[in-house]
Amino acid sequence: MHTTFRRLVPGLIVAACLPLATARNIDLSTVPHRDTVQLTIYNSEDLTLVRETRVLTFKQGVNPLQFSWANTLIDPTSVELTFRTQPDQLTVLDTTFPHDKPQMLYWNVQSDFDGEATVEISYFTSGISWSADYVCLANADETQMHLDGFVRIVNRSGEQYENAQIRLVVGTINLVEKIAQLAQIPMDKVDQLREAVRSELRLRAARGIMKPASQAEYGSADEAGRLDEAKIIKEGLSEYFIYTIEGTQTIPDGWAKRMRSFEGEAVPFRIQYRYRPQEYGDQLVRMYLLTNDTPSELGTTPLPDGVVRVFRDNGRDGLSFLVAQTIKYVPIGDKIELNFGPDPEVIFELIKLRAFRDNLWLHIHGTDLFRRADDGAFQIDVNSTVAGWDDHEIYTQRIRNYTAKPIAVEIRRTLPGHVVFRSALQAKLHDYQTVELRTAVEPAKRADLLFEVVRHQGRNATQHNVTLEDAAVQP
Amino acid sequence: MRRFPYLTLCVAGGLMFLLPKTALARIKLITLPVRERVEIQLDHPSATLVEEERLVPLVKGLNQVDFSWANTAIDPETILLRVLAPAGDQPLDARVLSVSYPPNEAALVWEVAASASGSARVRISYVLGNLSKSFNYRAVASHDEQTLTLAQYMRLQNFANEEYAASGLYAGFGKQFLRPVGLNETKEMLVERVAAVPIRKTYTCDPAEFDYLDRPKNKLRVPMHYVLKNDAANQLGRAPLPYGKVRIFQDDGHGSTAFLGEDWGQFTPIDDELRLFLGVAQDIVVVRTIERNHKQRVAGNLEDIDVVIKYELENFKDQPAVLDVRENLRYIRNEVYRDTGRDVQWVLGPETTFAGGVDREKTTCEQVVFHAELPPRAAEGQAAKVVHKLHVTLKNEW
Chain U
208 MHTTFRRLVP
218 GLIVAACLPL
228 ATARNIDLST
238 VPHRDTVQLT
248 IYNSEDLTLV
258 RETRVLTFKQ
268 GVNPLQFSWA
278 NTLIDPTSVE
288 LTFRTQPDQL
298 TVLDTTFPHD
308 KPQMLYWNVQ
318 SDFDGEATVE
328 ISYFTSGISW
338 SADYVCLANA
348 DETQMHLDGF
358 VRIVNRSGEQ
368 YENAQIRLVV
378 GTINLVEKIA
388 QLAQIPMDKV
398 DQLREAVRSE
408 LRLRAARGIM
418 KPASQAEYGS
428 ADEAGRLDEA
438 KIIKEGLSEY
448 FIYTIEGTQT
458 IPDGWAKRMR
468 SFEGEAVPFR
478 IQYRYRPQEY
488 GDQLVRMYLL
498 TNDTPSELGT
508 TPLPDGVVRV
518 FRDNGRDGLS
528 FLVAQTIKYV
538 PIGDKIELNF
548 GPDPEVIFEL
558 IKLRAFRDNL
568 WLHIHGTDLF
578 RRADDGAFQI
588 DVNSTVAGWD
598 DHEIYTQRIR
608 NYTAKPIAVE
618 IRRTLPGHVV
628 FRSALQAKLH
638 DYQTVELRTA
648 VEPAKRADLL
658 FEVVRHQGRN
668 ATQHNVTLED
678 AAVQP
Chain R
942 MRRFPYLTLC
952 VAGGLMFLLP
962 KTALARIKLI
972 TLPVRERVEI
982 QLDHPSATLV
992 EEERLVPLVK
1002 GLNQVDFSWA
1012 NTAIDPETIL
1022 LRVLAPAGDQ
1032 PLDARVLSVS
1042 YPPNEAALVW
1052 EVAASASGSA
1062 RVRISYVLGN
1072 LSKSFNYRAV
1082 ASHDEQTLTL
1092 AQYMRLQNFA
1102 NEEYAASGLY
1112 AGFGKQFLRP
1122 VGLNETKEML
1132 VERVAAVPIR
1142 KTYTCDPAEF
1152 DYLDRPKNKL
1162 RVPMHYVLKN
1172 DAANQLGRAP
1182 LPYGKVRIFQ
1192 DDGHGSTAFL
1202 GEDWGQFTPI
1212 DDELRLFLGV
1222 AQDIVVVRTI
1232 ERNHKQRVAG
1242 NLEDIDVVIK
1252 YELENFKDQP
1262 AVLDVRENLR
1272 YIRNEVYRDT
1282 GRDVQWVLGP
1292 ETTFAGGVDR
1302 EKTTCEQVVF
1312 HAELPPRAAE
1322 GQAAKVVHKL
1332 HVTLKNEW
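Each protein sequence line maps, in turn, to chains U and R. The first sequence begins at 208 in our numbering and counts up by one. The second sequence begins at 942 in our numbering and counts up by one.
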């Protein structure tokens, strides 16, 4: 009996003999099947909350139940039995974890009636995960893109949850212990490693936010026969966002499944070239800039962390692959910035044209008198060292545009120290030590942005910031 | 000869192919749609995108389309299935509902819903590893070394463990090729051949970059370069020149060519110069000596350093030559003073003798460039010694 039953784990057995925790070798039991199952999968942790319902027949008095989960990754401390019907006539008297049977527990349920009741068993399991990814297909003009968002669910939990309603949680929850670790430890060892409040904290974190949704009846429609994509319903909840996949899904153990979560048909974007060494390295990079909002045909959901793969219509009835880039969580209304790296058709050069020093200050110290030994002649020499000066550096920032379109360029340069930035470029300060310049370069043209950096050094440096000066600079 | 491609597309229709059952059922009838068209996009610096077009027979309702890529280096995350828009008289409309990935297999299963039975034209694209491109060049200079013919080749190496019949190959510039790509095959294709590209033959001395040929005698190493400008005026400039090896030959005047040497051609943007190092010129002798190193105290520990560098130049060739004399100002300061880490503030002194002054295009804050014209050696073999001086004052050093 047990040999065949292990294929069905986690399983629930209603035992016909009492009490269970005795040394009996001959048992009779029935195996109620799962009626519904709901998976709530978190992407920030290896954690899935499973809720399953089964219909059991109780007799008045004490009813023993056995629940086992051999070869799965269930956290034994999280298994919980509640009653969806007749909750006031059914009570869990106790829960027993037998020391000689790992991945198994017994419940003794006190029933005040004879008849059927629907029970809900919930538990945490590891091994089921989900992730988001995105595919962008830009048009040949690079003005609009078709943006598809996908969710991919991977089941390596050791269990096949058939016809499960699936909900995906976007957000970061707090866990004090890893579920995968707890799943490997027999129940009688768990206490040795846990803090007193560990379980309670975790339950509050994960079950708490699920409470409103769990009131609803979940999944009964099988995925079989569906000719439309399963819709993914998005809703905000506390600090999280829940994606509920319409209908039910079956993802066998070891398999992964990817479904479209949203689609933007003609998402507008603009191209900007950026030089921001702290963000993109010491290079001018080409960016696609778009916004996760309604005018951009997006904005129905925050975009979870994930990889964006960008292709472009190459104008020859085909695609070109541009980039694969990981993006961080993008709230509704926020910007999406895709970095394509340097463009070989745009040349970006910083040329130092001239350097000189002035405003030199000397620190006078010691005696200033020297006497020659042979003839006794005296010479006064001011004994001093350079203590302060200004370094002047004159640069041209040269940008050559060999693309077929005008380009917009934004340059941010961080200039540490006490600095004066002199130019006629209408520069502005991005922060106290970073200068921002913007310009546009026509196709097949070259822009030379002349500027002078004056660095106050030594005693001349009295601040740690950049001052902008609007003045023409001579090369 | 392989019978089956490693990249396989299988189609099965009907509800019997729902995933849970599929996972267990291994007996099934499938169709194998062949490739109608293949495009290999080589325009990305490091990734090769393959696009296949196939006619996929679908039945009304749900269809399962398996795609497997055993023993190939497809990046599974980049696989896209696009159903092309149906033609006007074709009622079939198909849409991908989901993708499933079986465990421990290089495969996936698309679940496709079709509005009617018929064939759907689909494009499958993926980034494929081990199918790479590189560039190389062959240049044949004219006998007088005034121009050359530059041929640019794209070399495609297919170690991807997959073969493709006639496929479109495009590097992002130049012409598009239609060629079969066999297993483990290397294919070289002429992208462009440009005749009469003007070349500038340069001799350059720069102790900071090229060092000395004979340090005790202060003889500088003088490399010879061919310089090509990647612009329209020089028959080029249609696209940046990608990195690659350049083999250089010269018309020997007798109907054949002689191999002059080879160099790695660096990535050359439009309007930039491609410099190809051919070897050290032994017939142009440059002796560099520091003639003067004079410190002048300004105040306290603040000093100016007056430096005169003398160049004794001899051209033992029977042709006149122009020598580019290049000096790095930091290098000079390190020779005569020390490395202070600060920028070099410098001014040219009146004793500088190079005609025409500095090359303003190439001179920067860090580097100064002059050109010296060298007459050919005399008929009896003697070379005239040309002497030039660079006078520079390094200011405000301490």
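Heads up, the beta-carbon is just placed ideally off N, CA and C, and yes, glycines get one too. Note that the structure is predicted; figures quoted are calculated from it, not measured.
Cβ-based contacts, 8 Å cut-off: residues of the region 309–327 of chain U near chain R: none
Counted within 10 angstroms of its Cβ, other Cβ atoms place E1052 (chain R) as buried (16 or more) or exposed: The residue given as residue 1052 (chain R) occupies position 111 in the second sequence. Classification for E1052 (chain R): buried.
Under the three-state DSSP convention, the category R666 (chain U) falls into: Position 459 of the first sequence, counted from the start, is the residue given in the question as residue 666 (chain U). Residue state, collapsed to three classes: coil.
Residues near G1290 (chain R) in its chain [Cβ-Cβ closer than 8 Å; skip 5 each side]: As a first step, residue 1290 (chain R) is located in the second sequence; it is residue number 349 there, counting from the start. Annotation for G1290 (chain R): D1247, V1249, H1332, V1333, T1334 place their beta carbon closer than 8 Å to its own, counting only its chain and skipping 5 residues before and after.
CB contact below 8 Å: S591 (chain U) versus chain R: In the first sequence, the residue the question calls residue 591 (chain U) occupies position 384. At least one chain R Cβ lies under 8 Å of S591 (chain U).
Interface flag, L491 (chain U) vs chain R, CB-CB below 8 Å: The residue labelled residue 491 (chain U) in the question sits at position 284 within the first sequence. With 8 Å as the cut-off, L491 (chain U) does not count as an interface residue toward chain R.
6 Å CB neighbourhood of D1152 (chain R) in its chain, flanking five on each side removed: Here residue 1152 (chain R) is taken as the residue at index 211 of the second sequence, counted from 1. For D1152 (chain R), where only same-chain residues beyond five positions count, the Cβ hits under 6 Å are R1162.
I614 (chain U) versus G522 (chain U) - alpha carbon distance: Indexing the first sequence from 1 puts residue 614 (chain U) at position 407. Indexing the first sequence from 1 puts residue 522 (chain U) at position 315. Put simply, the backbone Cα of I614 (chain U) is about 20 Å away from that of G522 (chain U).
CB contact check: L569 (chain U) to chain R, cutoff 8 Å: Walking along the first sequence from the start, residue 569 (chain U) turns up at place 362. With 8 Å as the cut-off, L569 (chain U) counts as an interface residue toward chain R.
Closer than 9 Å at the beta carbon, the chain U residues around V1285 (chain R): Taking the second sequence and counting its residues from 1, the one referred to as residue 1285 (chain R) is at position 344. Those within 9 Å of V1285 (chain R) in chain U are A562.
is_contact[R214 (chain U), chain R] using C-beta, thresh 8 Å: What you label residue 214 (chain U) is simply residue 7 of the first sequence in a count that begins at 1. Residue placement at R214 (chain U) is poorly supported in this model, since its pLDDT is 35, which falls under 50; the coordinates still yield a value, given next. Interface residue (Cβ-Cβ distance to chain R less than 8 Å): R214 (chain U) is not classified as such.
Own chain residues within Cβ distance below 6 Å of T621 (chain U), not counting five before or after: The residue labelled residue 621 (chain U) in the question sits at position 414 within the first sequence. Excluding residues within five positions, the ones whose Cβ falls inside 6 Å are Q640, T641.
Same chain, Cβ closer than 7 Å to A1112 (chain R), neighbours up to 5 away in sequence not counted: In the second sequence, the residue the question calls residue 1112 (chain R) occupies position 171. These residues qualify, in order along the chain: L983, D984, K1074, M1095, V1132.
V1063 (chain R) beta carbon less than 8 Å from that of R978 (chain R): The residue you call residue 978 (chain R) lines up with position 37 of the second sequence. The residue you call residue 1063 (chain R) lines up with position 122 of the second sequence. Contact check for R978 (chain R) against V1063 (chain R) fails: the beta carbons are separated by 8 Å or more.
Within 9 Å of chain R by C-beta, residues of the region 460–473 of chain U in sequence order: D460, G461, W462, A463, K464, R465, M466, R467
Listed by chain order, chain U residues near D984 (chain R) by CB distance under 9 Å: What you label residue 984 (chain R) is simply residue 43 of the second sequence in a count that begins at 1. Here the neighbours are N521, S527, F528.
G513 (chain U) classed as buried or exposed, judged by whether at least 16 other C-beta atoms fall within 10 angstroms: To locate residue 513 (chain U), count along the first sequence from 1; it is residue 306. With 16 or more other Cβ atoms within 10 Å, it is buried.
Three-state secondary structure assigned by DSSP to E486 (chain U): Here the question's residue 486 (chain U) lines up with position 279 in the first sequence. For E486 (chain U), the three-state secondary structure derived from DSSP is helix.
CB contact flag (L567 (chain U), L1270 (chain R), <8 Å): Locating residue 567 (chain U) in the first sequence gives position 360, where the first residue counts as 1. Locating residue 1270 (chain R) in the second sequence gives position 329, where the first residue counts as 1. No.
Boundaries (first-last residue) of the beta strand (DSSP E) holding N362 (chain U): Sequence index remark: in the first sequence, residue 362 (chain U) carries index 155 (1-based). 351–362 is the extent of the beta strand (DSSP E) around N362 (chain U).
Residues near H663 (chain U) in its chain [Cβ-Cβ closer than 6 Å; skip 5 each side]: Along the first sequence, read from residue 1 onward, the residue named residue 663 (chain U) stands at position 456. So the list reads D597, H625, once near-sequence residues are dropped.
Rounded separation between E649 (chain U) and N608 (chain U) - CA only: By 1-based counting over the first sequence, the position of residue 649 (chain U) is 442. By 1-based counting over the first sequence, the position of residue 608 (chain U) is 401. One C-alpha to the other measures close to 7 Å.
Option nearest C343 (chain U) by Cα separation, candidates R:K1170, R:A1320, R:L1124, R:I1020: In the first sequence, counting from the first residue as 1, residue 343 (chain U) sits at position 136. The shortest Cα separation from C343 (chain U) among R:K1170, R:A1320, R:L1124, R:I1020 belongs to R:I1020.
Proximity of V1006 (chain R) and T1198 (chain R) at Cβ, strictly below 8 Å: Counting from one through the second sequence, the residue named residue 1006 (chain R) turns up at place 65. Counting from one through the second sequence, the residue named residue 1198 (chain R) turns up at place 257. Taking 8 Å as the cut-off, the Cβ atoms of V1006 (chain R) and T1198 (chain R) do not count as close.
Beta-carbon spacing of V1068 (chain R), L990 (chain R) below 8 Å: What you label residue 1068 (chain R) is simply residue 127 of the second sequence in a count that begins at 1. What you label residue 990 (chain R) is simply residue 49 of the second sequence in a count that begins at 1. Contact flag set, yes.
Backbone secondary structure at T674 (chain U) - three-state DSSP: Residue mapping note: residue 674 (chain U) aligns to position 467 of the first sequence, counting from 1. The answer is strand: DSSP assigns T674 (chain U) an E or B state.
Proximal residues to N315 (chain U) (C-beta, below 6 Å), its chain only, five neighbours per side dropped: One-based indexing of the first sequence puts residue 315 (chain U) at position 108. Cβ neighbours of N315 (chain U) beyond the five flanking positions: V269, P271, L300, D301.
Contact set between L1205 (chain R) and chain U, taken where Cβ atoms lie within less than 7 Å: As a position in the second sequence, residue 1205 (chain R) is number 264, starting the count at 1. For the sequence presented, residue 1205 (chain R) should be read as Trp rather than Leu. Near W1205 (chain R) there are no residues of chain U at all, since even the closest Cβ is about 17 Å away, more than 7 Å.
Closest by C-alpha distance to L636 (chain U), when choosing among U:K652, U:A647, U:E617, U:A651: Working through the first sequence from its first residue, we reach residue 636 (chain U) at position 429. Here the closest residue by C-alpha is U:E617.
Identity of the residues DSSP links to L990 (chain R) by a beta bridge: Within the second sequence, residue 990 (chain R) is the residue found at index 49, counting from 1. Answer by DSSP bridge pairing, in chain order: R:Q982, R:V1068.
Continuous alpha helix (DSSP H) stretch holding E552 (chain U): start and end: Working through the first sequence from its first residue, we reach residue 552 (chain U) at position 345. From DSSP, E552 (chain U) is part of no alpha helix (DSSP H); its letter is neither H nor E.
Where E1321 (chain R) falls: helix, strand or coil (DSSP): As a position in the second sequence, residue 1321 (chain R) is number 380, starting the count at 1. Residue state, collapsed to three classes: coil.
Completely contained alpha helix (DSSP H) runs for the region 431–511 of chain U, where each covers 4 or more residues: 484–487
Local Cβ density within 10 Å of V975 (chain R), reported as buried at 16 or more and exposed below that: As a working note, residue 975 (chain R) is residue 34 in the second sequence. When all chains shown are included, V975 (chain R) counts as exposed.
Per-residue DSSP class, three states only, for L1025 (chain R): Here residue 1025 (chain R) corresponds to residue number 84 of the second sequence, with the count starting at 1. L1025 (chain R): coil per DSSP, three-state reduction.
Residue of U:E556, U:Q670, U:A473 minimising C-alpha distance to L657 (chain U): Position 450 of the first sequence, counted from the start, is the residue given in the question as residue 657 (chain U). The shortest C-alpha separation from L657 (chain U) is found at U:E556.
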